[in-house]
């Protein structure tokens, strides 16, 4: 991949934003360990970039004393080896990043020729460019819509030494002024290094950052906003980046009626990257789907396993509520389960709980397929949520712990709701809950570039947020 992808690993979200500062729904912490891994990947591509240094043929003359002027030409120069053995990327508190390269060297093979009076000769030469040092400052920014920008704030390059060996022909003659030739080559190469580095940042890294989406589509209803909300906090050992981390409805975006709690990421630097995911992100999901009318589930008799004794028809329910079978004999029934308010998830150390409030509207399906209302139940439940990470997504699983049922309205006369508790518990546990868990199994995407895999995962629940730590592999 291009230098843009590898340096974006360091990460694309390491940027200054121009949006108003608010509490984020997600904080990404990149540690020095993460930056070091990105640097290792980036050096592979940077070495390839600098290996394209162009060394033009050139000629001239040199006064060698009593011999007078000797004409020479240097041509066919090819870089045969380029190594960057020592490099470092540093966090500059409150400023940005500094990339430093030291001890780099280049080996070059080329041809030479000389002409003196009526004598001409040629041969080969090998050149070693030693002690190359490069220092690059990176300025991080935003384009105003939450997308990242990056540019070089400064660049310096220095070559400390050159060694050249000429062979063939009258090599003794060209060796008389080999230092002058080496000095000329050094100036030429030294002047090309920083422009190549700037070009790599401008034309390879910057376009990758500009193409990064600040939203992630979940389905036809909702997307997640991962735009930047505030400048990153650059410390000596890590960089914290604040993202909006908010679900929104694609067809009609409206702000949720609640705000995220402040997030404080623990001071841990043993892994490459940490994600502090606020319960705000999950609760905005509930708000969006409830507002869009998507938290409605229909249950019919064909969805119930054949071995369950309570069927969704008036004959079966008539055994518990005789008035139903009298009013609507031998008819199928339908349950419409809906959420009267957005479900709210709460994170605390050690557990995640959710307490949905649901309405159960029962209907008899008349011969003409119209629906006759029977009764409306209100159900409040307590559930425990298990949270995990699958590849690059946060996934979940719900387990019910308690259910409470009340009768809100009856079109078939009053009745004690406890006689329906067995059937309602079954429908919730074995029909509705599996549907919800299938959705949660798909999970929510983390803000990662393509081709990035997480490993050595840790997961910890804290007050109001989930902390995920991981190492990163790119490829």
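Residue numbers (my numbering): -6 to 468.
All C-beta atoms in this analysis are idealised placements derived from N, C-alpha and C, irrespective of residue type, glycine included.
The structure displayed is predicted, hence computed values, not measured ones.
Give the secondary structure of residue i by DSSP, where H, G and I count as helix, E and B as strand, and everything else as coil.
i, result
"residue 196", "helix"
"residue 434", "helix"
"residue 223", "coil"
"residue 14", "No answer about residue 14 holds up, because its pLDDT of 47 lies below 50 and its placement is not dependable."
"residue 42", "helix"
"residue 283", "helix"
"residue 334", "coil"
"residue 179", "helix"
"residue 88", "coil"
"residue 246", "coil"
"residue 312", "coil"
"residue 7", "At residue 7, the pLDDT of 37 sits below 50, so the modelled position is not reliable and the matter cannot be decided from this model."
"residue 188", "helix"
"residue 359", "coil"
"residue 323", "coil"
"residue 353", "strand"
"residue 170", "helix"
"residue 211", "coil"
"residue 229", "coil"
"residue 64", "strand"
"residue 241", "strand"
"residue 163", "coil"
"residue 0", "The predicted model places residue 0 with a pLDDT of 36, which falls under 50 and marks its position as unreliable, so this point remains unresolved."
Return no unless some Cβ of chain B is closer than 8 angstroms to the Cβ of residue i.
i, result
"residue 73", "Of the protein chains in the structure, only one exists, and it is not chain B."
Going by DSSP, which residues form a beta bridge with residue i?
i, result
"residue 266", "23 and 463"
"residue 133", "143"
"residue 128", "93 and 149"
"residue 76", "98"
"residue 386", "383 and 438"
"residue 119", "102 and 158"
"residue 453", "460"
"residue 113", "108"
"residue 257", "DSSP lists no partner for residue 257."
"residue 368", "355 and 403"
Whole angstroms are fine: how far does the CA of residue j sit from the CA of residue i?
i, j, result
"residue 86", "residue 269", "21 angstroms"
"residue 102", "residue 133", "39 angstroms"
"residue 460", "residue 262", "13 angstroms"
"residue 90", "residue 142", "13 angstroms"
"residue 175", "residue 79", "24 angstroms"
"residue 156", "residue 23", "41 angstroms"
"residue 305", "residue 283", "26 angstroms"
"residue 92", "residue 231", "15 angstroms"
"residue 244", "residue 290", "21 angstroms"
"residue 149", "residue 381", "46 angstroms"
"residue 56", "residue 191", "38 angstroms"
"residue 286", "residue 431", "19 angstroms"
"residue 314", "residue 337", "34 angstroms"
"residue 312", "residue 318", "8 angstroms"
"residue 234", "residue 440", "12 angstroms"
"residue 14", "residue 217", "Residue placement at residue 14 is flagged as unreliable, the pLDDT there being 47, under the threshold of 50; the coordinate-derived value follows with that caveat. Distance between the alpha carbons of residue 14 and residue 217: 19 angstroms."
"residue 108", "residue 63", "6 angstroms"
"residue 387", "residue 180", "53 angstroms"
"residue 341", "residue 413", "33 angstroms"
"residue 35", "residue 248", "39 angstroms"
"residue 257", "residue 327", "47 angstroms"
"residue 452", "residue 128", "38 angstroms"
"residue 122", "residue 111", "33 angstroms"
"residue 165", "residue 74", "26 angstroms"
"residue 320", "residue 366", "11 angstroms"
Do residue i and residue j have their C-beta atoms within less than 8 angstroms of each other?
i, j, result
"residue 162", "residue 124", "no"
"residue 37", "residue 72", "no"
"residue 238", "residue 438", "no"
"residue 66", "residue 106", "yes"
"residue 433", "residue 391", "yes"
"residue 352", "residue 331", "yes"
"residue 140", "residue 236", "no"
"residue 462", "residue 325", "no"
Relative to the C-alpha of residue i, which candidate in the options has its C-alpha closest?
i, options, result
"residue 251", "244, 47, 276 and 230", "276"
"residue 349", "334, 358 and 360", "334"
"residue 297", "235, 366, 423 and 181", "423"
"residue 186", "171, 375, 29 and 152", "152"
"residue 405", "216, 94, 356 and 421", "356"
"residue 360", "323, 158 and 303", "323"
"residue 118", "111, 70 and 137", "70"
"residue 212", "329, 413, 281 and 255", "281"
"residue 44", "64, 34, 76 and 61", "76"
"residue 83", "248, 120, 131 and 59", "131"
"residue 385", "447, 52, 197 and 33", "447"
"residue 364", "60, 31, 293 and 159", "293"
For the ligand FAD, is there a heavy atom less than 7 angstroms away from the beta-carbon of residue i?
i, result
"residue 358", "Absence of the ligand FAD from the depicted structure is noted, as is the absence of any ligand whatsoever, leaving it without description."
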